[in-house]
Amino acid sequence: DSKEPLEWPARQKIAIGAARGLRYLHEECRVGCIVHRDMRPNNILITHDFEPL
1 DSKEPLEWPA
11 RQKIAIGAAR
21 GLRYLHEECR
31 VGCIVHRDMR
41 PNNILITHDF
51 EPL
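Position 42 of the sequence shown, counting from 1, maps to 42 under the UniProt record's numbering, and the rest follow consecutively.
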């Protein structure tokens, strides 16, 4: 695989976005706490400019 690794600012942006998503699931979701159980890099969807969805 010849893909270049992501730069550190992009990695940080993804990590912070993923952490915000987990906080929402655990603390802010209206239906109660939702436990993801399978958090890993392959499960984080990102946009073309590395914004986690």
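Ideal Cβ placement from N, Cα and C applies to all residues, glycine included.
In the DSSP assignment, P52 is bridged to I46. Inter-residue distance for P5 and G32 is about 37 Å (C-alpha atoms, whole angstroms).
Straight through space, the alpha carbons of R37 and N43 are spaced by roughly 11 Å. A10 and F50 do touch by the CB rule: their CB atoms are close to 5 Å apart, below 8 Å. With respect to the C-alpha of L45, the residue from I14, E7 and W8 having the closest C-alpha is I14.
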